[in-house]
Every structure is written in C-alpha cells, then in structure tokens.
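Residue numbers (full-length UniProt numbering): 1 to 188.
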C-alpha cells in the first residue's frame, strides 16, 4: 500500500494494520495472526519506525520499550490505521547462558493496547560471544552459521530448530496472544 493513497484507504471497509518494521517476516506473520484471530482479512503494511532502543535490546524492559515505541511511532506516521504493531527481539542472560525472545505490542485506534512475549530459547556460545561484543543477533547468526540476512528469513529460531519453527511461526503465536483483549472485548 502506498501511503500517498490515504483517501483510497479511508473509502475502504478493509481494516489497516501497520507494523513498525519493513521486515517481510514481521509483516507476513502479523497479517496471518490478525486474519486467524479475527477470522477476516486485513491490509497489513510496514514502515521503518524507530524503536528508541539499541539495535540489540537486552532484557525485558528494554525490549518491551522497543516494541511499544515502534507501535506508537507508527501511529504518529500513519494515524489513519486501525492497529499498530511493534515487534522487538531481545536477549538476556541467566545461569544457563544467553537466550532470545521477543515482545509484541499492539495498539488500537480506540486507545486499547495489549502485549505478549514469545517463548525463549538459548543461543550457542559462539553467537552469544558476538552479541556480548556488540553484534546484533541477526548479524551474529549470519557470521556463525554462514548465512545472509537470516533475520529476514527464518531467524535464529529457524536456524537452531532446523526450520521446524521459523521466525514467522515464532512471532505469530505471540501476536495472536496479544490480540486476546481485542477479540474478547466483552472480557477486557
């Protein structure tokens, strides 16, 4: 969708969801999640919305803030949408090592918002070492696994599960969980 055609969108009955990223995986899984959750079609597009956090967020708070910022910054750019979605991947560490996860933040035109977090998975030591040195996770995966632009494909989760769970599937479930208050408005 071209953002120059705002009048065309306003005349349409199709609801618009704007993702705060141009990453095709994030756009595609958002479209699938909304379609499944609401059992109807949506027009989903993405824009490069700033996260306001480092390229590789660390910890829950920083990662969730990145997702919120992407949704709110998308709303500022294109307030005509019906929903704005921020998806932000992060890393953290515990006694077992470094693990990855993502936060999803959904903002609706009526002001309601919701969030959900994906599951976590541990990263190989070689990848964790590069991330600790300041390399973004997607780039670290590319270097360790001899990939190119893996974050716009299966991502870490796809590489490490040998494609059993790809990045799209990984995010999709969390997006659907974040939509619970919107598909159950009488309960929330």
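Yeah, the Cβ is synthetic: ideal placement off N, Cα and C, and Gly gets one too.
Quiz item: Going by Cα to Cα distance, which pick from 158, 88, 100 and 174 is closest to residue 54?
Solution: Locating residue 54 in the chain shown gives position 54, where the first residue counts as 1. Looking at the Cα atoms, 88 is the closest of the given residues.
Self-check item: With 16 other Cβ atoms within 10 Å as the buried cut-off, status of residue 69
Solution: Mapped onto the chain shown, residue 69 falls at position 69. By the 10 Å Cβ count, residue 69 comes out buried.
Exercise. Give a yes or no on contact between the region 177–186 and the region 104–114, applying the rule of three or more CB pairs nearer than 8 Å.
Key: yes
Exercise. To the nearest angstrom, report how far apart residue 137 and residue 177 are at their CA atoms.
Key: As a position in the chain shown, residue 137 is number 137, starting the count at 1. As a position in the chain shown, residue 177 is number 177, starting the count at 1. Taking the straight line from one Cα to the other gives about 24 Å.
Self-check item: Close beta carbons around residue 26, own chain, < 7 Å, minus the five adjacent residues each side
Solution: Here residue 26 refers to the residue found at position 26 of the chain shown. Excluding sequence neighbours, residue 26 sits near 19, 46, 87 and 171.
Quiz prompt | Sequence-distant residues of the same chain with beta carbon closer than 6 Å to residue 105, five excluded per side | solution = Sequence index remark: in the chain shown, residue 105 carries index 105 (1-based). Counting only Cβ-Cβ distances below 6 Å, and skipping sequence neighbours, we find 67, 68, 71, 86 and 115.
Quiz item: Is residue 115 helix, strand or coil by DSSP?
Solution: On the chain shown, position 115 is the one that residue 115 refers to. Of the three classes helix, strand and coil, the one that applies to residue 115 here is strand, per DSSP.
Exercise. Grab me the residues of residue 58's own chain with a C-beta within less than 7 Å of its C-beta, minus the 5 sequence neighbours each way, in chain order.
Key: Here residue 58 refers to the residue found at position 58 when the chain shown is read from its first residue. Contacts found: 90, 91 and 92.
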